[in-house]
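**Q** Before I ask anything, here is the structure I am working with.
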Amino acid sequence: MKVTYDSEVDVLRILFRDAPVEESDEDKPGLLEAVVSTAPCVAGIRLKHLICGAMLFLALALQAGDYAVNISSLIDPSKLATLRERGANPRIQKCVYWLVEAEQAGLKPKSVVHEAVSQAGYKSQAATLTEQSLLRNLDIAAKLGCLDAEGLAKMRRGDSPTVRKGSYAGQPASVDHIIPLAVAPELDCVIANLELLPLHLNESKNAKVGSRQRSLAKKLRKAGLLSAEGLKAVEKGT
3 MKVTYDSEVD VLRILFRDAP VEESDEDKPG LLEAVVSTAP CVAGIRLKHL
53 ICGAMLFLAL ALQAGDYAVN ISSLIDPSKL ATLRERGANP RIQKCVYWLV
103 EAEQAGLKPK SVVHEAVSQA GYKSQAATLT EQSLLRNLDI AAKLGCLDAE
153 GLAKMRRGDS PTVRKGSYAG QPASVDHIIP LAVAPELDCV IANLELLPLH
203 LNESKNAKVG SRQRSLAKKL RKAGLLSAEG LKAVEKGT
């Protein structure tokens with residue numbers, strides 16, 4: 003975001019992002035810019051400062067909303083329900099990309115995620131679990147060293163970035179089903195069940211169920227994201 007004030011004409015110009023605006027999964031050209039005139043400020047410089055401060059606050063709020071719209075479209079439950087098997091996996095990559103963009107613009111990822119989840123219609127425990135998942139994936143991507151320019155370019159397209167840090171460096175950072183797809187197919191496109199993981203670790207998991215999977219299954223059940231039958235299947239898993 004770039005903010006400039008022209009004292010000669012008494013105009014505050016706010017450039018939100020000098021990049022294409024994306025309102026959904028697709029790329030759309032566009033530019034967001036707001037021009038605000040303080041001109042009939044007759045109460046002096048103090049009033050101008052107040053107006054400028056208010057407009058800056060509004061600009062940040064609008065910018066946060068811009069990123070939240072992109073993410074909410076990716077995690078919308080009604081859209082997730084129409085996807086093919088593993089169709090939500092690229093959306094995790096895209097969500098991380100947009101959170102990085104928001105953070106680089108000076109916004110708090112937690113606030114952007116909260117707004118996105120709210121816009122997507124998640125409520126109560128389902129909202130909490132979804133928010134936690136998105137923020138956890140952002141943290142994982144950072145720790146794996148996936149957030150370089152090349153990695154972000156791949157994630158924007160929904161592709162797997164390359165792990166740059168740690169013992170799994172060089173491998174793709176794939177999207178894993180925390181509770182295995184073979185155990186609970188209904189969780190295939192549930193955001194709270196998806197997590198970035200180096201490909202080797204992902205492949206070595208197979209359909210194993212441990213304490214983490216059982217604990218998450220209980221939370222998902224309480225949140226209405228997993229059926230009673232699905233919970234039983236996880237509890238029976240080995």
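Position in the sequence shown counted from 1, then plus 2, gives you this note's numbering.
C-beta: ideal position from N, C-alpha, C; glycine also.
In angstroms with no decimal places, state the Cα-to-Cα distance between Leu196 and Leu131.
**A** Each residue's alpha carbon lies about 11 Å from the other.
**Q** Is Val192 helix, strand or coil by DSSP?
**A** Of the three classes helix, strand and coil, the one that applies to Val192 here is coil, per DSSP.
**Q** For Asp190 versus Glu117, is the C-beta spacing smaller than 8 Å?
**A** No, Cβ-Cβ distance for Asp190 and Glu117 is not below 8 Å.
**Q** Starting from Asp178, trace the beta strand (DSSP E) in both directions and tell me its first and last residue.
**A** Unbroken beta strand (DSSP E) run through Asp178: Ala175 to His179.
**Q** Do three or more CB pairs link the segment 218-226 to the segment 179-190 at distances below 8 Å?
**A** At 8 Å Cβ cutoff, the stretches touch.
**Q** Can you list, in chain order, the residues of its chain whose CB lies under 7 Å from that of Ala235, leaving out five sequence neighbours each side?
**A** These residues qualify, in order along the chain: Val185 and Ala186.
**Q** DSSP state of Leu199, grouped into three classes?
**A** DSSP places Leu199 in strand when its eight states are reduced to three.
**Q** Go through its chain and collect everything with a Cβ distance to Gly153's Cβ below 6 Å, but skip five positions before and after it.
**A** Closer than 6 Å at the Cβ level, and outside the excluded window around Gly153, lie Pro163.
**Q** For Thr84, does the three-state DSSP call read helix, strand or coil?
**A** Coil, per DSSP.
**Q** Can you check which of these residues, Val165, Arg138, Asp141 and Asn139, is closest to Ala151 by C-alpha distance?
**A** Taking only the C-alpha atoms, the option nearest Ala151 is Val165.
**Q** Got a sec? Which residues, its chain only, sit under 7 Å from Pro111 by beta carbon, not counting five neighbours each side?
**A** If we look at Pro111 and ignore the five residues flanking it on each side, its Cβ neighbours are Leu101, Ala104, Glu105, Leu137 and Leu140.
**Q** Fully enclosed by the segment 117-144, which alpha helix (DSSP H) runs are 4 residues long or longer?
**A** Entirely contained in the segment 117-144, not one alpha helix (DSSP H) run reaches 4 residues.
**Q** Tell me whether Asn208 is buried or exposed, calling it buried when 16 or more other Cβ atoms sit within 10 Å of its Cβ.
**A** Exposed.
**Q** Return the Cβ separation of Ser135 and Ala194 in integer angstroms, given the expectation that the two are a contact with Cβ distance under 8 Å.
**A** So it is a contact: roughly 5 Å between Cβ atoms.
**Q** Span of the alpha helix (DSSP H) holding Ser229?
**A** No alpha helix (DSSP H) contains Ser229, which DSSP labels as neither H nor E.
**Q** Cβ of Asn91 within 8 Å of Cβ of Val177?
**A** In contact: Asn91 and Val177 (Cβ atoms closer than 8 Å).
**Q** Along the alpha helix (DSSP H) that carries Ala1, what are the first and last residues, could you check?
**A** Residue 1 lies beyond the residue range present for the chain, which begins at 3 and ends at 240; the question has no answer from this structure.
**Q** With a threshold of 16 other CB atoms inside 10 Å of the CB of Gly172, please say whether the residue is buried or exposed.
**A** Gly172 is exposed by the Cβ-count criterion.
**Q** To the nearest angstrom, how far is it from the Cα of Val115 to the Cα of Ser206?
**A** Their Cα atoms are separated by approximately 31 Å.
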